[in-house]
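Per our numbering, the very first residue in the sequence shown carries number 738; after that it's consecutive.
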Amino acid sequence: MIKLKQFESILQQVKDFEEPKIKYEQYCTNSHLASHILYNIATKFGFEEKSVIDLGCGTGMLTIGCSILGANQILSVEIDPNALEIAKENISDLIFEDSSNSEEEEDGDEEEEDGAEEEEQEEEEEEEEEEQEQEQEQEQKEEQNSENEEQKVIKEIIALDDITLVECDVFKLTQKEIIEIYGEDIRFDCAILNPPFGTKIKGVDVKFVTKALEFIKPGGSVFSFHKTTTRKFLIKHFTNMGYNVDVLFQVKFDLPKSYKFHRKKNVEIMVDILHITKK
């Protein structure tokens, strides 16, 4: 397995959110913490040759970490297209380098046409009519596409070798979409989550874990980050649902100022790393 120091140096290069969105409680996981947390999980349970689902992957910090530590199939789900694009760049730069990072360029040659003034005028009139027709067709297509997009659960799929990025609302994702993505009915060995803490939307952290448990194999694990203040509630809640809940360890999250309304430069929060399995 890669050395911890080298592992951390790679994660330090992960690009953060350009404009974090408060409604999603977006903040980048500190690379020092992420590297130590994932390394500890890998040492105890291992990611080698395992399949992983990362719900709310953000800019890809945990996805990249799991890949480096040996996961051979990762599904990373994110609702924010801007964050997903940064995740794609991070993965391409830090894991696959030049692969999936090139863009196709289309070249077109402009043709010059010579003719009499009358012919040019006729052509211009015809072009105007065609443009009007095309604009109308385009408007109709955009309306139809807009309606279709609203109905579609998966907005975009980006396949990067053994990592698949999906733009999707986590809570609308079902096994049906998993089959659509992979072409077969698969479950994952484990889930890795750094969900919103529920500061803006109460209970969203519980919903993330509950959703992750839908996609895990029998005997699989969910590793999730939660505020220590919610420990008793979460243990009781998931124990009553029939799961085993263990606190792997506790860490101090140093959250930097991310939004204009934040008064302090940074806030320290005690966070539990929970390990949740089926009884």
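All C-beta atoms, glycine included, are put in the ideal place defined by N, C-alpha and C. Computed from a prediction, not measured in an experiment: that's the story for all the values here.
Contact set for Q1034: own chain, Cβ-Cβ below 8 Å, skip 5 residues either direction: Given a span of 738 to 1016 for the chain in the structure shown, any question on residue 1034 remains unanswerable.
CB of I929 within 9 Å of CB of L821, strictly: no
Those runs of the alpha helix (DSSP H) which lie wholly inside the segment 792 to 823 and span at least 4 residues: 798 to 805
Under a three-way DSSP split, which group does Q750 fall into? Note: Q750 maps to coil in three-state DSSP.
For P1014, collect the residues of the same chain with a Cβ closer than 6 Å to its Cβ; drop the 5 residues on either side in sequence, then sort them by chain order. As written in the sequence, residue 1014 is Thr, which differs from the Pro given in the question. These residues qualify, in order along the chain: S958 and N981.
Give a yes or no on contact between the segment 893 to 910 and the segment 805 to 822, applying the rule of three or more CB pairs nearer than 8 Å. These segments touch.
Have a look at K740 and S804 and give me their C-alpha separation to the nearest angstrom. Going by the C-alpha atoms only, they are around 14 Å apart.
Using only alpha-carbon positions, find the residue among K948, L985, D926 and D983 that is nearest to K787. Per the Cα distances, D926.
So, at 8 Å on beta carbons, what are the nonlocal neighbours of N918 in its own chain, with the 5 sequence-adjacent residues on each side left out? Rather than Asn, the amino acid found at residue 918 in this sequence is Ile. Hits under 8 Å: L812, I891, I894, T901 and V903.
Where G940 and K909 are concerned, what is the direct C-alpha to C-alpha distance, given to the nearest angstrom? 16 Å
Count the other CB atoms, across all protein chains shown, that sit within 10 Å of the CB of D991; report buried if there are 16 or more and exposed otherwise. By the beta-carbon neighbour count (other beta carbons within 10 angstroms, threshold 16), D991 is exposed.
Relative to the C-alpha of M738, which candidate in V984, E914, E785 and L748 has its C-alpha closest? Considering only alpha carbons, the answer is E785.
I want to see whether chain B comes within less than 9 Å of R924, judged by CB atoms only; does it? The chain labelled as chain B is not found in the depicted structure, where only one protein chain is given.
Only counting the same chain, and skipping five residues up and downstream in sequence, which positions put a Cβ closer than 6 Å to that of P933? E762 and V941
DSSP on T965, reduced to helix/strand/coil? helix
Quick check on DSSP: helix, strand or coil for L902? Residue state, collapsed to three classes: strand.
Residue range of the alpha helix (DSSP H) that T936 falls in? Segment: none, T936 is in no alpha helix (DSSP H) and carries neither H nor E.
Starting from F775, trace the alpha helix (DSSP H) both ways and give me its first and last residue. Reading off the sequence, residue 775 comes out as Leu, not Phe. Counting along the chain, the alpha helix (DSSP H) containing L775 begins and ends at S768 to K781.
Candidates A771, F970 and F975, of which the one nearest K948 by Cα: F975
If you reduce the DSSP assignment to three classes, tell me which class K787 lands in. coil
Note down the Cα distance separating V810 from E921, rounded to an integer number of angstroms. The question names Val, but residue 810 is Gln in the sequence shown. Approximately 14 Å between the Cα atoms of the pair.
Would DSSP call D922 helix, strand or coil? coil
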